[in-house]
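K.L.:
Here it is: the structure, laid out below.
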Amino acid sequence: MTRRLRPGERIFGYAMFLFSLFLFYHAYQISGFSSISSAGAWPLAAAGLMALCSAAIIVQNHRMESACTGAREEIHQFGKDILPPHPLLGYLAIIVAYMLVLEPLGFNISSFLFLFGSFWYLHRRGIFLTLALSFGTVIATYVVFRVLFKVILPEAEWLDLSALGLGG
Amino acid sequence: MEASALSYFLMAWTDPYLIFLIAVGTFAGIYVGVIPGLSVTMAVSILISFTFSWDVNEALAMMAGVFLGGVYGGSRTAILLNIPGAPAAIAAGFDGYPLAKMGLAGMAIGVSTTVSFFGALFGIAVLAVAAPFISELALDVAPRDYLLLAALGLLLIGALSGESLAKGMFAGALGILIGMVGLDPITVEPRMTFGTTAMMGGIHYVTAMIGFFGVSEALVQVRNLDKRVIKQKVDKILPSWNVILKHLPLSLRCSFIGTIIGALPGTGGDIAALLAYGHAARSVKKPSKPFGKGAIEGIIAPESACNAAVGGAYIPMLTLGIPGDAVTAVLIGALYIHGLKPGPMLMIETPHLFWFTVGNLVLAAFFMLIFGLTGIRAFAKMVEMPPALLMPIIVILSVVGTYSIQNSLTDVYWMLAFGIFGYFLKRYGYQIGPIILGVILGPIMDINFRRAILSTRGDIGEFLLELVTHPISLILVITMILLLIAQTPAGQRFTARRRLKKEAANIE
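Chains as they are written, first to last, in this note's numbering: chain A, 1 to 168; chain B, 1001 to 1508.
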């Protein structure tokens, strides 16, 4: 194999092995090793296979050379290549914030804020263009899904749009 | 075809209003199918509620269009953005997305549309000619055969593993475990719920699909904000006849697979497409590009199969009253509301319904071809949109799609978690395909394995004996053993030697 290890790949391999063991333990809790047609048989087999494969991946990783020399460079490369603060981590933070405000603010307001935030963060154009783009997208989404397809969207309980004839 | 059958068949063809309804249905189906999470089942269920006050013929005409259009539409986003619009389109993205990245999205969608049309016609033809025979065959399929079929599908992991088979198998097993979460369907024990009640309802596989494909792709793409957008060549939308003719045998074989899988109760276009992709990956010796890297065969196979599965799904519905998949289950409900009784008597009491439906489906297939080919240019532009604008919109669509499955915010959080996890998996060379394969096929294998064991009262010996004494099972077992042998180093040497001999003979 000529491929080199990606930054953090070795640690990820170990993490997946531990994750598999954790799942294996939980699969064992379902019905132990009682019978091959028990409820726990397939989860146990699948988790076992995961553990075996992740062990094999650890061995594969050890046979490969790392692209980085030393831990310091690996952390540096990890921050550059796998999890760069900008734009990935920043964007991820915006997404997580969006999911968290979905319940209290409802779909329309939170989506507008999310679109405004991410367009501004990623696209970096004028504030009015960003406002117009996010407003237009939310309106279009609402019309297509809520009005045309009658899809239920998360709604804020305190904000009763149906009273205004907009929701429901 | 008798004269009366022909007149029933042409009923929709001669009524402008019915033609209009089929066109509207197909159009709506395509555009609902495009959106991840908005499934064909959902589109049919919503639209069918409008039709309860309609005439039954009008309702049936529209539903045929929605069904066919929706199954076809899902491949659009799979090819353009690597985010399948529906589970049936997952396999179309394996090679379609690499093609789009090369700037060949127009060609990929053109080919997909054309073979979808052929596949759909094939399925409808089988429905028209062999419906009673196929439905009898479908009734003979026992749990052990479903187990074997799903296992055949899982063999695909070998082709989808990417850089390491261990990573592919890890991903497949992870998918199976995700599929197991929730209450066990036989004993109602909670499985992999970590003691919480929130996880008892299980994780819907569309949630996993949207998370792993949609959000993780949005995260991967966001790292390439500065990268120049690939301009899509959409000058040639109609694929050349040579390409189509060359791959017609493959398309027909996969349409056959799709029709049979579609006719089996409980299995639909998603499994048909995956099995057909596996068939293509094994049977096509010299693909235009390696599979998974933009092989045109990798689009032809699943697209033929999943559209052929539509005709297949109608077979048990119209002849036996058993749904072939979730959409036909909704359709059966609608038939009851319209005062019809789907089942063996349907063809005797209302024979016109059968030929009328066949006629509708053929018409819908033509509309699918027309709308499919005319809409490509606008769609291919989607890839040219700056990722800084496209990626946030994908996140919004993912939220809408996930929430719409069962109106639960927990699903949305799951989707996000899968998206982040999927991002790391992708970055470290684990493929997403096997996970989804596991999520879809794992529960089928689990429940059918246990049903099969229960039917032999826990006797493993009898279970194994049944695998070789029943004709359908025996065929599947032999297929599987041959495929497994072909994947071993010795088997690969053997096929390579045989190919060399064949080529030598050709040269002589």
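Where a beta carbon is used, it is the ideal one built from N, C-alpha and C, also for glycine.
#1: I'd like the span of the alpha helix (DSSP H) that includes S54(A), first residue to last.
#2: Are there 16 or more other CB atoms within 10 angstroms of the CB of D997(B), so buried, or fewer, so exposed?
#3: Would you please verify whether the beta carbon of W42(A) is less than 8 Å from any beta carbon of chain B?
#4: Do G1029(B) and L1068(B) come within 8 Å of each other at the CB atom, strictly closer than that value?
#5: Classify R10(A) as helix, strand or coil using the three-state DSSP reduction.
#6: Does the beta carbon of G168(A) come closer than 8 Å to any beta carbon on chain B?
#7: Answer with buried or exposed for F46(A), where buried requires no fewer than 16 other C-beta atoms within 10 angstroms of its C-beta.
#8: For S110(A), does the three-state DSSP call read helix, strand or coil?
#9: Going straight from the alpha carbon of M1(A) to that of I58(A), what length do you get?
#10: Where does G165(A) land, buried or exposed, given buried means 16+ other C-beta within 10 angstroms?
#11: Using three-state DSSP, classify L1006(B) as helix, strand or coil.
#12: Report yes if the CB atom of F135(A) is closer than 8 Å to the CB atom of F149(A), and no otherwise.
#13: Taking the alpha carbon of N1057(B) as the reference point, which residue from A1388(B), I1186(B), P1443(B), W1355(B) has its own alpha carbon closest?
#14: So what's G1182(B) in DSSP terms, helix, strand or just coil?
#15: Excluding the five sequence neighbours on either side, which residues of its own chain have a C-beta within less than 6 Å of the C-beta of G117(A), listed in chain order?
#16: Return the chain-ordered list of same chain residues with a C-beta closer than 7 Å to the C-beta of F1494(B), the five sequence neighbours on each side being excluded.
#17: Is the beta carbon of A1105(B) less than 8 Å from the beta carbon of A1378(B)?
#18: From E955(B) to E73(A), what distance separates their C-alpha atoms?
#19: Bridge partners for S66(A) per DSSP, in chain order?
#20: Would a check of beta-carbon distances place A1173(B) closer than 8 Å to chain A?
#21: What residue range is occupied by the uninterrupted alpha helix (DSSP H) comprising L1139(B)?
#22: Helix or strand or just coil, what does DSSP make of R124(A)?
#23: Roughly how many angstroms lie between the CA atoms of R10(A) and A27(A), to the nearest whole one?
#24: Anything in chain B within Cβ reach of H123(A), meaning under 8 Å, just list it in chain order.
#25: Of the residues M1062(B), L1397(B), S1408(B), T1041(B), which one's Cα is nearest the Cα of G1025(B)?
#26: Does any residue of chain A have a CB that is nearer than 8 Å to the CB of D1184(B)?
#27: May I ask you to report which of helix, strand or coil DSSP gives R1223(B)?
P.N.:
According to the structure shown:
#1: Note, S54(A): alpha helix (DSSP H), 41-63.
#2: Because chain B in this structure spans residues 1001 to 1508, residue 997(B) falls outside the shown range and cannot be described.
#3: Cβ-Cβ to chain B under 8 Å: yes for W42(A).
#4: Yes, the pair counts as a contact, with Cβ atoms nearer than the cut-off.
#5: Helix at R10(A).
#6: Unreliable positioning characterises G168(A) in this predicted model, as indicated by a pLDDT of 39, which lies under 50. The coordinate reading is nonetheless provided below. Interface with chain B (8 Å Cβ-Cβ cutoff): G168(A) is excluded.
#7: The sequence as given places Ala at residue 46(A); Phe does not occur at that position. Classification for A46(A): buried.
#8: Three-state DSSP puts S110(A) in a helix.
#9: With a pLDDT of only 47 at M1(A), under the threshold of 50, the placement of this residue in the model should not be trusted, and no figure is reported.
#10: Reliability of the predicted coordinates at G165(A) is poor, the pLDDT of 49 falling under 50, and the value obtained from them is presented with this limitation in mind. The residue in question, G165(A), is exposed, as its Cβ has fewer than 16 Cβ neighbours within 10 Å.
#11: Of the three classes helix, strand and coil, the one that applies to L1006(B) here is helix, per DSSP.
#12: Not in contact: F135(A) and F149(A) (Cβ atoms no closer than 8 Å).
#13: Selected option, being the one with the closest Cα: W1355(B).
#14: Strand, per DSSP.
#15: Cβ neighbours of G117(A) beyond the five flanking positions: I94.
#16: Counting only Cβ-Cβ distances below 7 Å, and skipping sequence neighbours, we find nothing.
#17: One thing to note: A1105(B) has its Cβ no nearer than 8 Å to the Cβ of A1378(B).
#18: Since the first and last residues shown for chain B are 1001 and 1508, residue 955(B) lies out of range.
#19: S66(A) pairs with L5(A).
#20: So yes, A1173(B) belongs to the interface.
#21: Start and end: 1105-1139.
#22: Looking at R124(A) - three-state DSSP - the assignment turns out to be coil, as it is neither helix nor strand.
#23: Each residue's Cα considered, the two are about 26 Å apart.
#24: Those within 8 Å of H123(A) in chain B are P1386, A1388, L1389.
#25: Considering only M1062(B), L1397(B), S1408(B), T1041(B), the residue with the shortest C-alpha distance to G1025(B) is M1062(B).
#26: It does: the Cβ of D1184(B) has a partner Cβ on chain A nearer than 8 Å.
#27: Looking at R1223(B) - three-state DSSP - the assignment turns out to be coil, as it is neither helix nor strand.
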